[in-house]
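According to UniProt numbering, the sequence shown is numbered sequentially starting from 1.
We put the CB at the ideal spot given by N, CA and C, even for glycine.
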Amino acid sequence: MEVQMDDHNGTMYTSEGGETTIVEVSTNQEPYEGMLFESEDAARVFYDDYASRVGFLTRVLSSRKSERDGSIISRGLGCRGVSDNGRKVMQECAQREFCTAMVLLRQEKPGSWVVKKFLKDHNHPLVVQSQKSRRTLDEKNKKIQELTAQLRVKKQLSAAYREQLLAFMTDVEDHNNHLSIKLQSVFDNLKVLEAKTVGFT
């Protein structure tokens with residue numbers, strides 16, 4: 001059975017005997033050897049998400065390019081060995097050791113990347129984001145979305161008010177032109193009447 005992750009909509013594809021089935025991805029899913037992805041980007045997104053949940057930051061450990069076209073055919077991703085606020089927490093022994101937690105990805109064919117190796121254990125404390133911190137972040141994101149929606153409504157109202165104001169100013173200008181024409185007509189009639197009156201006298 002093949003398993004393939006789709007990072008765009010949170011589903012996983014499994015295929016057996018040529019038939020493809022879509023199943024939901026568990027939020028606690030972790031990498032395993034033989035896991036398939038549709039692209040290197042999908043694999044990296046998945047590993048970064050896993051790292052975020054577990055409590056570590058990732059880095060690129062290695063890359064291998066194809067001799068034929070120079071494209072990336074293998075990528076090693078691992079733990080950066082860094083805690084919150086960027087402070088290094090690598091284990092202090094006789095010499096400093098980098099964290100060995102990592103995942104090795106390899107392209108088997110176009111559109112198919114497989115996990116060839118996965119090392120889970122870390123040699124330093126992990127920094128897992130607390131539920132309170134996540135809630136605070138979610139609340140901030142929700143507030144930003146609400147403010148963005150309100151701003152969009154305000155802009156729409158502002159555009160509507162501007163259109164109404166322009167229409168009103170156009171009406172006023174038309175009315176003024178109409179009054180000017182009427183006044184000019186009255187003035188012209190008075191001049192004609194005055195000329196006639198002068199002629200009678």
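Between F56 and L126, the C-beta gap is smaller than 7 Å, which places the two residues in contact. Look at V127 here: in three-state DSSP terms it is coil, with no helix or strand label. The residue from K140, S66, A167 and V54 with its alpha-carbon nearest to that of R106 is S66. G81 is classed as buried because its beta carbon has at least 16 other beta carbons within 10 Å across all chains shown. Contact between the stretch 112–119 and the stretch 145–157 is absent: fewer than three C-beta pairs spanning the two stretches fall below 8 Å.
For the options E108, R53, R44 and A101, the alpha carbon positioned closest to that of I73 is the one of E108.
Its Cα nearest to that of D49, the residue G78 stands out among G78, A149, S71 and N176. In this structure, G76 lies near L104, with their beta-carbon atoms less than 7 Å apart.
Of the other Cβ atoms in all chains shown, 16 or more fall within 10 Å of the Cβ of R44; this residue is therefore buried. Under the DSSP definition of a beta bridge, T58 partners with C79. For M102, the uninterrupted beta strand (DSSP E) run begins and ends at M102 to K109, by DSSP.
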